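FYI, the numbering for the sequence shown is -21 to -1, 1 to 612, going by mature numbering (1 follows the signal peptide of the UniProt record, and there is no 0).
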Amino acid sequence: MRRIVLLAGASLALTSVWAVAQDSPESLLPKMFDEPAPSRSASPRPTPRPAPSRPAPRSAATPAAAASAAPRVAATSTPVVQPIPAATSAPAAVVSASKPPEGALQRIPSLEELERMSPEDFEALLGTKVLIDMPPGVRRTPDEAGLIDAQEGGLPMDSLRGQNGALIRVALLGNRGQLVSRWGHILLRRALASRLNPPSGMSGADFVALRVGLLLRMGETDAARAVLQDLDIADYSPAFSTLAFDVYARTADFTGLCPVMASHGSMRDDAAWNTSRTICEAFRGNSTAAIARLERDRIRGKMDQIDLLLAQKYAGAAGKARRAVTIEWDKVTTMTPWRYGLAIGTGLEPPAALMAQAGPSYDFATALAPMVSLTRRAAAADRAAAEGVLSNAAMVDLYSQIYADPYVTGEWQERAEALRDAYVQQDAAARLTAMKSLWNVKGPSQYGRQVLTAAAAARVAPSAELTDSAPLLIASMLAAGYDANALRWSRVVEAGSRAWGMLVLAAPGRVAALDGGAIDTFVKEDDSADSRRSTLLAAGLAGLDRLDRDTAERIARDAGMNMGGSTRWTEAIESAAGRGDEATVVLLAAFGMQGESWQRMTPRYLYHIVSALRSVGLEAEARMIAAEAVARV
């Protein structure tokens, strides 16, 4: 039996805002699984408490943002109370008591009248537009908008400064947001969340808008909101206000939209926008008038009944003007982001049958929504994890909550207990059996379950008795970046096997000369359609400079595919790699990874993606993307 020796290197240290490669097997056991299981029959289930009267707040803070402490300000001797101006010798102007001076209010409104006024009414009263100005020292430049800088794991700020803005616009607008690679998704999110200067010929605000729009299409609603909020509202354009509306609707944070409404409320004049303005009026203290206005709009048919009833329920959480609103889903046949945001923002969960027809994008919003029930979030989490929206740590935390909740029963409790067994069972075979029970699903959810079990798989010691399960264990470890743990299996897996293929791609640093016979064995035993797995292995190895390109092209030709030739995309990504333009390479690589599954990936594109990423210093990401291709095809 041939074996290949892989030279061990540093463990993977991929960083992003939400998904970070873990460090060592010592800390892989979740805290919750260290504790005994709670009793599930000690007491009857209590009566459910009513939903809170105010939608649950959602913080836009991130680990990267929290890491930056506010600078200390030196104390000064500036007086707290401003001194009274000294008297001057100039006589004061005489003001007539019978005629107010020009510009003064003709009549001072009562407090009740002020409460009922909208911002537009107040501006009309004053005869001028009210502007909330910000001191120059606290304004933020759109040219540096983003969430993380280079020191926090982001890309270099000036990466795109000299790049052609038209190319970047195409790379961002042309990306539909669905990538075949989980690691490609994580890398793209990291790039879009980085503090980046706009490319040549593009304004900072336009660049932010393009990035936020792509984050929304990727299902990264929390990241989209965080980047959006790094742009001052004063810099919003009508198009950006519309984008902000979509962001806050998808995050069920309609009160977060209120500052935009206060400054740019007149930028649109449609039913959804005006309804949102009315909701904001309720939270400014005009709840009675706001709910009455929503009811009038419902009677007049300004929007669908379900939308205005949900708006009334949301607005009813503000102030004292509470009213019972009954929501019936029987006649609702379609779901919209605005409708879904209002529903979960008021503690409601639309029927599962309706959500099943809504599309996968709602799974991402559900998985990230803390106000949704644990079981609904867990059902959505598999797809979210497979795509890269959720990390292994987030998945384990979710199932730990399910395990600790004595009122979650049935299949969900069984899955949480299986995950615990995968960590704490003394026998390795028993832990593997528990993991296999979680992997026993079809479709996109299967890879999501491998993300869920990644840390548990990393705790399994390499053993010749478990080599039949090595491909699944290694794929699970690499799904969360446990490359150092996975590489321990190189001494027991057979050269030329599928497990060997993943390891030879995932290994960091230099790799010993590959055995040509092992590659031939891999190709011979490839059971994938059109030998696609073999072509992607060859393309990945060539991109990592571990296999000569001629051999890789021969393997691709034998499978009826072409790895050579060039296109405008290959020329653009090669040019960016040659300049060391990290950000452009990432955006173009993500553009080339679009698709519903790895069956859409060609060896030519994978070769150029892996090669370009390696050339600009993103070798860890290149290795994980190449290994993922072999794991998922």
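C-beta atoms are modelled at their ideal positions from N, C-alpha and C, and glycine is treated no differently. Since the model is a prediction, treat every value here as computed from it, not as a measurement.
CB-CB under 7 Å to residue i, same chain, minus the five flanking residues each way: which ones, in chain order?
i, result
"M136", "E123, D128, A129, R174, L175 and N176"
"residue 655", "Since the displayed the chain opens at -21 and closes at 612, residue 655 lies outside it and no answer follows."
"T354", "V387 and W391"
"Q404", "R410 and A413"
"F219", "A184 and A188"
"V311", "I285 and L333"
"S539", "In the sequence on display, residue 539 carries Gly and not Ser. Contacts found: D509."
"A346", "R356, A359, A360, A363, V368 and L369"
"A170", "L134, A562, V565 and L566"
"R467", "P441"
"V159", "M572, G574, S576, W577, R579 and M580"
When the Cα atoms are used, what is the spatial distance from residue i to residue j?
i, j, result
"residue 614", "D509", "Only positions -21 to 612 of the chain appear in the structure, and residue 614 is not among them; the question remains open."
"A478", "Y293", "52 Å"
"residue 696", "L523", "As displayed, the chain neither begins before -21 nor continues past 612, which places residue 696 out of reach and without an answer."
"L484", "V565", "20 Å"
"E504", "S476", "8 Å"
"A435", "R528", "37 Å"
"A599", "A268", "57 Å"
"S442", "S507", "26 Å"
"G132", "R279", "52 Å"
"G422", "R428", "11 Å"
"S590", "P487", "15 Å"
"G235", "F186", "22 Å"
"M481", "Y319", "40 Å"
"A551", "I258", "47 Å"
"L398", "A459", "16 Å"
"E553", "R140", "18 Å"
"S455", "V430", "6 Å"
"A474", "A497", "5 Å"
"V239", "A202", "19 Å"
"M314", "E307", "14 Å"
"R256", "C237", "7 Å"
"V472", "P329", "48 Å"
"P217", "D499", "59 Å"
Check for me: the alpha helix (DSSP H) holding residue i runs from which residue to which?
i, result
"D225", "P217 to R229"
"Q291", "Q284 to A294"
"L445", "Segment: none, L445 is in no alpha helix (DSSP H) and carries neither H nor E."
"residue 640", "As shown, the chain starts at -21 and ends at 612. That puts residue 640 outside it, with no answer to give."
"G480", "R477 to A485"
"N253", "A250 to F262"
"S238", "In the sequence as displayed, the identity of residue 238 is Pro instead of Ser. Residues C237 to H243."
"N371", "N371 to A383"
"F501", "G495 to K503"
"residue 613", "Since the displayed the chain opens at -21 and closes at 612, residue 613 lies outside it and no answer follows."
"D462", "D462 to L466"
"S590", "P582 to S594"
"T530", "R528 to D537"
"R438", "First-last for R438: undefined, no H or E at that position."
"F233", "Here F233 belongs to no alpha helix (DSSP H), and DSSP marks it neither H nor E."
Using a Cβ-Cβ cutoff of less than 8 Å, which residues in the same chain neighbour residue i once the five nearest sequence positions on both sides are dropped?
i, result
"A357", "L377, Y378, I381, W391 and R394"
"L151", "L189, R190, G192, L193 and L566"
"R277", "Q284, L287, L288 and Q291"
If you check the beta carbons only, do residue i and residue j fall under 8 Å apart?
i, j, result
"G180", "G144", "yes"
"V351", "R512", "no"
"L417", "V439", "no"
"L222", "A172", "no"
"R161", "M197", "no"
"I147", "P121", "no"
"L592", "A601", "yes"
"A437", "N419", "no"
"A363", "F343", "yes"
"P316", "A228", "yes"
"A407", "L457", "no"
Below 6 Å CB to CB, which residues in the same chain sit around residue i once its five sequence neighbours on both sides are set aside?
i, result
"R583", "M542"
"K281", "A250"
"S594", "A556"
"R517", "Note on residue identity: the sequence assigns Ala, not Arg, to residue 517. If we look at A517 and ignore the five residues flanking it on each side, its Cβ neighbours are A531 and I534."
"M603", "W162"
"A365", "P423, Y426 and G427"
"R525", "V490"
"A337", "M314"
"A521", "R528, A531 and Y586"
Is the Cβ of residue i closer than 8 Å to any Cβ of chain B?
i, result
"L189", "Looking for chain B here will not work: only one protein chain is present."
What residue ranges within the segment 114 to 175 form continuous alpha helix (DSSP H) runs of no fewer than 4 residues, ordered along the chain? Those alpha helix (DSSP H) runs which fall completely within the segment 114 to 175 and span 4+ residues are 144 to 152 and 161 to 172.
I'd like the ranges of any beta strand (DSSP E) spanning at least 3 consecutive residues and lying wholly in the segment 339 to 365. None, since the segment 339 to 365 contains no complete beta strand (DSSP E) of that length.
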